[in-house]
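Below: one structure, written as C-alpha coordinates.
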Amino acid sequence: NEEKKVAIRLLKDQTTSSESSKEELERQGSIIGFEVSMKAVALTCHLIEHCCSGINGTSISALPLGISRRILHTHDFLCLLCHILVLAPWSCQDADSLGCRVNYQWHESGCWIAETDEKNWSPVTKTEGQVWLSIYQLLFSGLMGAVNYEIVGNSVRHQALLRLRPFLTETRIDVIPVLGQLRRFLEEYAMSEGVAANIVGRSAPTYSAAAVAQLCHVEDVAEIHDRIMQRYKGKWEATAEEFLSRIQSQEGCEAAQRAASRWADTFSEENVGALFGAQTMNIASGDADSFEHPLLRAPRCVVCGEVATKRCSRCKHEWYCRRQCQVEHWPRHKKAC
1 NEEKKVAIRL LKDQTTSSES SKEELERQGS IIGFEVSMKA VALTCHLIEH
51 CCSGINGTSI SALPLGISRR ILHTHDFLCL LCHILVLAPW SCQDADSLGC
101 RVNYQWHESG CWIAETDEKN WSPVTKTEGQ VWLSIYQLLF SGLMGAVNYE
151 IVGNSVRHQA LLRLRPFLTE TRIDVIPVLG QLRRFLEEYA MSEGVAANIV
201 GRSAPTYSAA AVAQLCHVED VAEIHDRIMQ RYKGKWEATA EEFLSRIQSQ
251 EGCEAAQRAA SRWADTFSEE NVGALFGAQT MNIASGDADS FEHPLLRAPR
301 CVVCGEVATK RCSRCKHEWY CRRQCQVEHW PRHKKAC
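Note that full-length UniProt numbering numbers the sequence shown so that position 229 is 229, with each residue one more than the last.
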(Lines of atoms letter the chains of each structure in order from A and count residues from 1; the text may use other names and numbers.)
(Lines give C-alpha, C1' and ligand atoms only; values in the text may rest on other atoms or scores of the structure.)
Protein backbone atom coordinates (compact mmCIF):
# COMPACT_ATOMS: atom_id res chain seq x y z
CA ASN A 1 0.00 0.00 0.00
CA GLU A 2 2.75 2.46 0.95
CA GLU A 3 4.75 1.55 -2.15
CA LYS A 4 1.75 2.27 -4.38
CA LYS A 5 1.27 5.71 -2.82
CA VAL A 6 4.95 6.53 -3.28
CA ALA A 7 4.73 5.40 -6.91
CA ILE A 8 1.76 7.72 -7.48
CA ARG A 9 3.66 10.62 -5.94
CA LEU A 10 6.59 10.08 -8.30
CA LEU A 11 4.52 9.73 -11.47
CA LYS A 12 4.78 13.40 -12.44
CA ASP A 13 8.58 13.25 -12.27
CA GLN A 14 8.94 10.13 -14.42
CA THR A 15 8.89 11.88 -17.80
CA THR A 16 11.76 10.65 -19.97
CA SER A 17 12.74 11.16 -23.58
CA SER A 18 12.47 7.41 -24.20
CA GLU A 19 8.87 7.25 -22.97
CA SER A 20 6.49 6.06 -25.68
CA SER A 21 3.11 7.66 -26.34
CA LYS A 22 1.33 4.68 -24.81
CA GLU A 23 3.47 4.80 -21.67
CA GLU A 24 2.88 8.54 -21.37
CA LEU A 25 -0.88 8.07 -21.67
CA GLU A 26 -0.83 5.30 -19.07
CA ARG A 27 1.20 7.47 -16.70
CA GLN A 28 -1.10 10.45 -17.18
CA GLY A 29 -4.10 8.15 -16.78
CA SER A 30 -2.79 7.00 -13.41
CA ILE A 31 -2.23 10.60 -12.28
CA ILE A 32 -5.69 11.70 -13.40
CA GLY A 33 -7.32 8.61 -11.90
CA PHE A 34 -5.78 9.31 -8.49
CA GLU A 35 -6.70 13.00 -8.52
CA VAL A 36 -10.25 12.27 -9.67
CA SER A 37 -10.59 9.76 -6.84
CA MET A 38 -9.48 12.35 -4.30
CA LYS A 39 -11.95 14.88 -5.70
CA ALA A 40 -14.66 12.19 -5.56
CA VAL A 41 -14.02 11.82 -1.83
CA ALA A 42 -14.62 15.55 -1.39
CA LEU A 43 -17.84 15.41 -3.43
CA THR A 44 -19.03 12.44 -1.38
CA CYS A 45 -18.50 14.39 1.83
CA HIS A 46 -20.53 17.33 0.51
CA LEU A 47 -23.29 14.91 -0.50
CA ILE A 48 -23.38 13.42 3.00
CA GLU A 49 -23.48 16.91 4.50
CA HIS A 50 -26.59 17.77 2.47
CA CYS A 51 -28.29 14.51 3.47
CA CYS A 52 -27.57 15.04 7.16
CA SER A 53 -28.58 18.71 7.14
CA GLY A 54 -31.94 17.67 5.70
CA ILE A 55 -32.52 15.26 8.58
CA ASN A 56 -31.67 17.96 11.12
CA GLY A 57 -33.84 20.50 9.33
CA THR A 58 -30.94 22.97 9.05
CA SER A 59 -30.95 23.31 5.27
CA ILE A 60 -33.50 23.91 2.55
CA SER A 61 -31.32 22.02 0.06
CA ALA A 62 -32.15 18.67 1.63
CA LEU A 63 -31.81 15.62 -0.59
CA PRO A 64 -34.50 12.91 -0.92
CA LEU A 65 -34.44 10.14 1.65
CA GLY A 66 -33.81 7.65 -1.16
CA ILE A 67 -30.33 9.09 -1.66
CA SER A 68 -29.56 8.70 2.04
CA ARG A 69 -30.72 5.11 1.86
CA ARG A 70 -28.44 4.41 -1.10
CA ILE A 71 -25.51 6.04 0.69
CA LEU A 72 -25.86 3.82 3.74
CA HIS A 73 -27.59 0.61 2.65
CA THR A 74 -26.58 0.19 -0.99
CA HIS A 75 -23.02 1.52 -0.83
CA ASP A 76 -22.37 1.45 2.95
CA PHE A 77 -20.45 4.72 2.92
CA LEU A 78 -19.80 4.56 6.66
CA CYS A 79 -17.63 1.46 6.28
CA LEU A 80 -16.15 2.82 3.08
CA LEU A 81 -15.04 6.06 4.74
CA CYS A 82 -13.56 4.11 7.65
CA HIS A 83 -11.44 2.06 5.24
CA ILE A 84 -10.34 5.22 3.41
CA LEU A 85 -9.09 6.70 6.69
CA VAL A 86 -7.08 3.55 7.39
CA LEU A 87 -5.56 3.56 3.90
CA ALA A 88 -4.91 7.34 4.00
CA PRO A 89 -4.25 7.80 0.24
CA TRP A 90 -3.51 11.50 0.85
CA SER A 91 -0.24 10.76 2.68
CA CYS A 92 2.85 8.66 2.11
CA GLN A 93 6.38 8.20 3.43
CA ASP A 94 9.44 8.11 1.22
CA ALA A 95 13.20 8.55 1.47
CA ASP A 96 14.72 11.88 0.45
CA SER A 97 18.05 12.45 -1.30
CA LEU A 98 19.90 11.86 1.99
CA GLY A 99 18.11 8.59 2.70
CA CYS A 100 15.99 9.98 5.55
CA ARG A 101 12.33 9.02 5.76
CA VAL A 102 10.09 12.00 5.01
CA ASN A 103 6.31 12.22 5.20
CA TYR A 104 4.40 13.72 2.29
CA GLN A 105 0.78 14.82 1.99
CA TRP A 106 -1.29 15.41 -1.12
CA HIS A 107 -2.53 18.94 -1.73
CA GLU A 108 -5.73 19.69 -3.64
CA SER A 109 -3.67 21.60 -6.22
CA GLY A 110 -2.17 18.25 -7.30
CA CYS A 111 1.27 18.51 -5.71
CA TRP A 112 2.75 16.62 -2.75
CA ILE A 113 4.02 18.65 0.21
CA ALA A 114 6.87 17.41 2.40
CA GLU A 115 6.69 17.70 6.18
CA THR A 116 9.86 19.79 6.04
CA ASP A 117 7.80 22.52 4.38
CA GLU A 118 6.54 24.05 7.62
CA LYS A 119 4.72 26.83 5.80
CA ASN A 120 2.38 24.57 3.82
CA TRP A 121 2.37 21.38 5.94
CA SER A 122 -0.84 20.70 7.84
CA PRO A 123 -1.36 18.15 10.65
CA VAL A 124 -4.69 17.22 9.02
CA THR A 125 -5.18 17.56 5.27
CA LYS A 126 -8.38 19.04 3.88
CA THR A 127 -9.47 15.70 2.40
CA GLU A 128 -8.84 13.81 5.65
CA GLY A 129 -10.77 16.42 7.61
CA GLN A 130 -13.73 16.07 5.26
CA VAL A 131 -13.78 12.30 5.78
CA TRP A 132 -13.67 12.63 9.57
CA LEU A 133 -16.51 15.14 9.56
CA SER A 134 -18.59 12.92 7.27
CA ILE A 135 -18.25 9.97 9.65
CA TYR A 136 -19.19 12.22 12.57
CA GLN A 137 -22.27 13.50 10.72
CA LEU A 138 -23.41 10.00 9.76
CA LEU A 139 -23.18 8.82 13.37
CA PHE A 140 -24.72 11.80 15.16
CA SER A 141 -27.12 13.46 12.71
CA GLY A 142 -29.97 10.96 13.00
CA LEU A 143 -29.65 9.86 9.38
CA MET A 144 -29.02 6.22 10.36
CA GLY A 145 -32.25 6.10 12.33
CA ALA A 146 -34.19 7.59 9.44
CA VAL A 147 -33.18 4.79 7.06
CA ASN A 148 -32.91 1.97 9.65
CA TYR A 149 -29.15 1.57 9.28
CA GLU A 150 -27.85 -0.52 12.19
CA ILE A 151 -24.29 -0.58 13.52
CA VAL A 152 -25.14 -2.71 16.57
CA GLY A 153 -24.90 -6.44 15.91
CA ASN A 154 -23.07 -6.02 12.60
CA SER A 155 -19.53 -7.37 12.92
CA VAL A 156 -18.23 -5.74 9.73
CA ARG A 157 -19.37 -2.25 10.71
CA HIS A 158 -18.30 -2.88 14.29
CA GLN A 159 -14.73 -3.70 13.25
CA ALA A 160 -14.57 -0.86 10.73
CA LEU A 161 -15.51 1.72 13.36
CA LEU A 162 -13.19 0.39 16.04
CA ARG A 163 -10.23 0.53 13.65
CA LEU A 164 -10.51 4.33 13.80
CA ARG A 165 -9.57 4.59 17.49
CA PRO A 166 -5.75 4.69 17.01
CA PHE A 167 -6.14 7.57 14.53
CA LEU A 168 -8.05 9.82 16.95
CA THR A 169 -4.95 11.47 18.38
CA GLU A 170 -4.79 14.68 20.39
CA THR A 171 -3.36 16.48 17.37
CA ARG A 172 -6.37 15.64 15.23
CA ILE A 173 -8.79 16.52 18.02
CA ASP A 174 -7.09 19.90 18.43
CA VAL A 175 -7.66 20.58 14.73
CA ILE A 176 -11.21 19.14 14.64
CA PRO A 177 -12.66 19.44 18.18
CA VAL A 178 -15.84 17.43 17.45
CA LEU A 179 -13.66 14.34 17.08
CA GLY A 180 -13.41 14.29 20.88
CA GLN A 181 -17.07 13.29 21.01
CA LEU A 182 -16.43 10.69 18.31
CA ARG A 183 -13.55 9.19 20.31
CA ARG A 184 -15.71 8.95 23.42
CA PHE A 185 -18.45 7.26 21.41
CA LEU A 186 -16.01 4.70 19.98
CA GLU A 187 -14.56 3.90 23.41
CA GLU A 188 -18.02 3.22 24.82
CA TYR A 189 -18.98 1.36 21.66
CA ALA A 190 -15.97 -0.93 22.12
CA MET A 191 -16.99 -1.77 25.70
CA SER A 192 -20.71 -2.07 25.16
CA GLU A 193 -22.58 -1.84 21.89
CA GLY A 194 -25.74 -1.17 23.82
CA VAL A 195 -24.36 1.96 25.48
CA ALA A 196 -23.16 3.28 22.15
CA ALA A 197 -26.53 2.61 20.59
CA ASN A 198 -28.21 4.65 23.33
CA ILE A 199 -25.84 7.57 22.68
CA VAL A 200 -26.72 7.61 19.01
CA GLY A 201 -30.39 7.20 19.85
CA ARG A 202 -30.37 10.18 22.22
CA SER A 203 -28.76 12.39 19.58
CA ALA A 204 -31.32 11.49 16.92
CA PRO A 205 -35.09 11.93 16.80
CA THR A 206 -37.35 8.92 16.41
CA TYR A 207 -38.96 8.47 13.01
CA SER A 208 -42.17 6.45 13.07
CA ALA A 209 -42.16 6.16 9.27
CA ALA A 210 -38.81 4.37 9.26
CA ALA A 211 -40.32 0.97 9.96
CA VAL A 212 -42.82 1.46 7.15
CA ALA A 213 -40.05 2.55 4.77
CA GLN A 214 -38.18 -0.65 5.61
CA LEU A 215 -41.14 -2.70 4.36
CA CYS A 216 -42.23 -0.56 1.42
CA HIS A 217 -39.79 1.82 -0.21
CA VAL A 218 -40.52 3.66 -3.47
CA GLU A 219 -37.51 5.20 -5.16
CA ASP A 220 -36.84 6.96 -8.46
CA VAL A 221 -34.05 5.23 -10.37
CA ALA A 222 -32.34 6.76 -13.39
CA GLU A 223 -32.86 4.59 -16.48
CA ILE A 224 -29.90 5.82 -18.53
CA HIS A 225 -27.38 3.50 -16.85
CA ASP A 226 -29.53 0.39 -17.26
CA ARG A 227 -30.29 1.28 -20.87
CA ILE A 228 -26.61 1.66 -21.75
CA MET A 229 -25.71 -1.61 -20.02
CA GLN A 230 -28.50 -3.43 -21.85
CA ARG A 231 -27.72 -1.86 -25.23
CA TYR A 232 -24.03 -2.77 -25.21
CA LYS A 233 -24.25 -6.07 -23.34
CA GLY A 234 -21.68 -8.42 -24.87
CA LYS A 235 -20.47 -5.68 -27.23
CA TRP A 236 -18.00 -3.80 -25.03
CA GLU A 237 -14.86 -5.24 -26.62
CA ALA A 238 -16.05 -4.59 -30.17
CA THR A 239 -17.13 -1.06 -29.23
CA ALA A 240 -13.74 -0.35 -27.65
CA GLU A 241 -11.90 -1.59 -30.77
CA GLU A 242 -14.08 0.57 -33.01
CA PHE A 243 -13.47 3.61 -30.81
CA LEU A 244 -9.72 2.97 -30.81
CA SER A 245 -9.60 2.77 -34.61
CA ARG A 246 -11.51 6.05 -34.85
CA ILE A 247 -9.28 8.04 -32.52
CA GLN A 248 -6.12 6.68 -34.16
CA SER A 249 -7.22 7.74 -37.64
CA GLN A 250 -6.16 11.06 -39.14
CA GLU A 251 -9.68 12.40 -38.88
CA GLY A 252 -9.90 11.34 -35.24
CA CYS A 253 -6.59 13.03 -34.37
CA GLU A 254 -7.72 16.29 -35.95
CA ALA A 255 -11.06 16.13 -34.14
CA ALA A 256 -9.28 15.49 -30.83
CA GLN A 257 -7.02 18.49 -31.38
CA ARG A 258 -9.99 20.72 -32.15
CA ALA A 259 -11.83 19.50 -29.05
CA ALA A 260 -8.74 20.02 -26.86
CA SER A 261 -8.35 23.56 -28.18
CA ARG A 262 -11.99 24.36 -27.42
CA TRP A 263 -11.68 23.00 -23.88
CA ALA A 264 -8.48 24.93 -23.31
CA ASP A 265 -10.14 28.14 -24.49
CA THR A 266 -13.20 27.50 -22.32
CA PHE A 267 -11.16 27.27 -19.12
CA SER A 268 -8.65 29.99 -19.93
CA GLU A 269 -7.93 32.63 -17.32
CA GLU A 270 -9.84 35.26 -19.25
CA ASN A 271 -13.03 33.21 -19.59
CA VAL A 272 -12.99 31.95 -16.00
CA GLY A 273 -12.28 35.47 -14.77
CA ALA A 274 -15.24 36.76 -16.76
CA LEU A 275 -17.49 34.16 -15.10
CA PHE A 276 -16.34 34.61 -11.51
CA GLY A 277 -15.25 38.22 -11.50
CA ALA A 278 -11.91 39.91 -11.77
CA GLN A 279 -8.88 38.28 -10.23
CA THR A 280 -7.76 39.61 -6.91
CA MET A 281 -4.45 40.67 -8.40
CA ASN A 282 -2.37 40.68 -11.51
CA ILE A 283 0.06 37.78 -11.63
CA ALA A 284 2.77 40.06 -12.89
CA SER A 285 2.55 42.11 -9.69
CA GLY A 286 3.84 39.15 -7.68
CA ASP A 287 1.03 39.19 -5.12
CA ALA A 288 0.68 35.76 -3.49
CA ASP A 289 -3.12 36.00 -3.14
CA SER A 290 -3.93 35.29 -6.78
CA PHE A 291 -6.73 33.09 -8.08
CA GLU A 292 -9.00 33.10 -5.06
CA HIS A 293 -12.19 32.24 -6.95
CA PRO A 294 -13.84 28.78 -6.96
CA LEU A 295 -12.15 27.26 -10.02
CA LEU A 296 -8.63 28.64 -9.76
CA ARG A 297 -7.10 28.40 -6.33
CA ALA A 298 -3.65 29.80 -5.66
CA PRO A 299 -1.35 27.80 -7.98
CA ARG A 300 1.64 26.02 -6.50
CA CYS A 301 5.09 25.34 -7.85
CA VAL A 302 5.33 21.92 -9.48
CA VAL A 303 8.85 21.48 -8.04
CA CYS A 304 8.75 22.66 -4.42
CA GLY A 305 5.04 23.23 -3.74
CA GLU A 306 5.37 26.92 -2.86
CA VAL A 307 2.75 29.41 -4.02
CA ALA A 308 3.59 30.09 -7.67
CA THR A 309 3.42 33.41 -9.50
CA LYS A 310 5.06 32.36 -12.78
CA ARG A 311 4.31 29.68 -15.32
CA CYS A 312 5.75 28.25 -18.51
CA SER A 313 5.36 30.92 -21.19
CA ARG A 314 5.19 28.27 -23.89
CA CYS A 315 2.51 25.79 -22.80
CA LYS A 316 1.08 27.84 -19.90
CA HIS A 317 0.36 24.66 -17.92
CA GLU A 318 3.13 24.25 -15.35
CA TRP A 319 3.56 26.78 -12.52
CA TYR A 320 6.77 27.84 -10.77
CA CYS A 321 7.60 30.04 -7.82
CA ARG A 322 10.95 31.21 -9.22
CA ARG A 323 13.17 30.76 -12.24
CA GLN A 324 15.46 28.32 -10.43
CA CYS A 325 12.61 25.81 -10.11
CA GLN A 326 11.66 26.27 -13.76
CA VAL A 327 15.23 25.60 -14.91
CA GLU A 328 15.43 22.52 -12.67
CA HIS A 329 12.15 21.13 -14.02
CA TRP A 330 12.82 21.89 -17.69
CA PRO A 331 14.57 18.56 -18.58
CA ARG A 332 11.44 16.67 -17.44
CA HIS A 333 8.96 19.22 -18.79
CA LYS A 334 10.61 19.75 -22.18
CA LYS A 335 8.91 16.88 -24.00
CA ALA A 336 5.43 17.61 -22.66
CA CYS A 337 5.85 21.31 -23.40
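Glycine included, each C-beta is placed from N, C-alpha and C at the ideal position.
Exercise for the section: Write down every uninterrupted run of the beta strand (DSSP E) in the stretch 55-119 whose length is 3 residues or greater and which is fully enclosed by it, in chain order. Expected result: Within the stretch 55-119, the complete beta strand (DSSP E) segments of 3 residues or longer fall at 91-95, 101-106, 112-114, listed in chain order.
Problem - CA-to-CA distance, tryptophan 319 to serine 17, given in whole angstroms - result: 21 Å
Practice task
Spatial neighbours of serine 20 within its chain, please: CB distance less than 8 Å, with the 5 preceding and 5 following residues excluded, ordered by chain position.
Solution key: none
Problem - Straight-line gap, glycine 252 to glutamate 241 (C-alpha atoms, nearest Å) - result: Between the C-alpha atoms of glycine 252 and glutamate 241 there is a straight-line separation of about 14 Å.
Exercise for the section: Grab me the residues of tyrosine 232's own chain with a C-beta within less than 7 Å of its C-beta, minus the 5 sequence neighbours each way, in chain order. Expected result: If we look at tyrosine 232 and ignore the five residues flanking it on each side, its Cβ neighbours are Thr239.
Practice task
Determine the contact status of arginine 184 and leucine 78, defining contact as a CB-CB distance below 8 Å.
Solution key: For arginine 184 and leucine 78, no; Cβs fall outside 8 Å.
Exercise for the section: Using beta-carbon positions only, say whether threonine 127 and alanine 42 come within less than 8 Å of one another. Expected result: yes
Handout entry: Cα-Cα separation between leucine 143 and cysteine 52, rounded to whole angstroms
Key = 6 Å
Problem - contact_flag[the stretch 103-117, the stretch 168-179] where n(CB pairs < 8 Å) is 3 or more - result: no
Practice task
Return the CA-CA distance between tryptophan 330 and cysteine 301, expressed in angstroms with no decimal places.
Solution key: 13 Å
Problem - Span separating the alpha-carbon of residue 401 from that of glutamine 137 - result: The question about residue 401 has no answer here: the residues shown for the chain are numbered 1 through 337.
Practice task
Would you kindly work out how many angstroms separate the C-alpha atoms of leucine 244 and glutamate 237, rounded to a whole number?
Solution key: 11 Å
Practice task
Go to alanine 259, then tell me how far its alpha helix (DSSP H) extends in each direction, as first and last residue.
Solution key: Where alanine 259 is concerned, the enclosing alpha helix (DSSP H) stretches over 250-266.
Problem - Simplified DSSP state of tyrosine 320, which is helix, strand or coil - result: Three-state DSSP puts tyrosine 320 in a strand.
Handout entry: Length of the line joining the Cα atoms of serine 268 and lysine 316
Key = 10 Å
Practice task
List the DSSP bridge partners of lysine 310.
Solution key: Partner(s): Tyr320.
Problem - Where the alpha helix (DSSP H) through glutamate 187 begins and ends - result: From DSSP, the alpha helix (DSSP H) with glutamate 187 extends over 179-191.
Practice task
Compute the distance between the beta-carbons of isoleucine 8 and serine 30, then report whether it is under 8 Å.
Solution key: yes
Handout entry: Limits of the unbroken alpha helix (DSSP H) element including glutamine 130
Key = 126-140
Exercise for the section: In the DSSP assignment, find the alpha helix (DSSP H) that holds glutamate 223 and state where it starts and stops. Expected result: Per DSSP, glutamate 223 belongs to no alpha helix (DSSP H) and is neither H nor E.
Problem - Proximal residues to leucine 87 (C-beta, below 7 Å), its chain only, five neighbours per side dropped - result: Within the same chain, leucine 87 has close Cβ partners Asn1.
Exercise for the section: May I ask you to list the residues that DSSP assigns as paired with arginine 300? Expected result: The beta-bridge partner set that DSSP reports for arginine 300 consists of Val307.
Exercise for the section: Between the Cα of serine 97 and those of Ala114, His83, Leu81, spot the shortest distance and give me the residue it belongs to. Expected result: Ranking Ala114, His83, Leu81 by Cα distance to serine 97 puts Ala114 first.
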